[in-house]
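S.K.: Attaching a single structure in structure tokens format; questions to follow.
Here it is, written out as structure tokens:
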């Protein structure tokens, strides 16, 4: 059985977020406007893409971002709600390509494609030398 056997073309997901001051380019770069940062838009597009297929992957496997081709079309001020959507377009042996969009109400503010690779978490962490952080008992 292949890890992508349960993933089908056309799977979708969305995320919504309200733009906060911490999500603005001005928060990260001095003297820049307090509008939704391109990096945050891409993050929300990636989150939607991952969510579209996460429950269809075998236990111990996740998808990780590996390629982004996105246009940021319009500025979005603090307080507005952004909806990011993803739909998978193509599946190969080890990755899935998504069409992604971001919307501020009825206005499209971003679009493009995003590819996610499929990895076995334990093998990936071992190969990359990643150590899991111990959770503190609260």
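Residue numbers (the working numbering): 25 to 162. The beta-carbon is built from N, C-alpha and C at its ideal position, and this holds for glycine as well. None of the values given here were measured: they were computed from a predicted structure.
Any contact of the stretch 51 to 65 with the stretch 95 to 107, i.e. 3+ C-beta pairs under 8 Å?
M.R.: yes
S.K.: For residue 87, name the three-state secondary structure that DSSP assigns.
M.R.: strand
S.K.: How long is the line joining the alpha carbons of residue 125 and residue 155, rounded to whole angstroms?
M.R.: 34 Å
S.K.: Give every residue of the same chain whose Cβ lies closer than 6 Å to the Cβ of residue 80, excluding the five residues on either side of it in the sequence, and list them in chain order.
M.R.: 30, 31
S.K.: Within its chain, find whatever has a CB closer than 7 Å to the CB of residue 118; leave out the 5 residues flanking it on each side and keep chain order.
M.R.: Excluding sequence neighbours, residue 118 sits near 141, 142.
S.K.: Give the C-beta separation of residue 223 and residue 106 to the nearest angstrom, bearing in mind that I take them to be a contact with Cβ-Cβ under 8 Å.
M.R.: Look at the range of the chain in this structure, 25 to 162, and you will see that residue 223 is not part of it.
S.K.: Let me know if residue 47 comes out buried or exposed under the rule of 16 or more other beta-carbons within 10 Å of its beta-carbon.
M.R.: buried
S.K.: Assuming contact is defined by CB atoms lying nearer than 8 Å, are residue 109 and residue 36 in contact in what I supplied?
M.R.: Cβ distance < 8 Å, so residue 109 and residue 36 count as in contact.
S.K.: Pop quiz: residue 33 and residue 112 are said to be a contact at Cβ under 8 Å. What is the actual Cβ separation, rounded to whole angstroms?
M.R.: 6 Å
S.K.: How about residue 87 and residue 103: are their beta carbons less than 8 Å apart?
M.R.: Their beta carbons are not under 8 Å apart, which means residue 87 does not touch residue 103 by this criterion.
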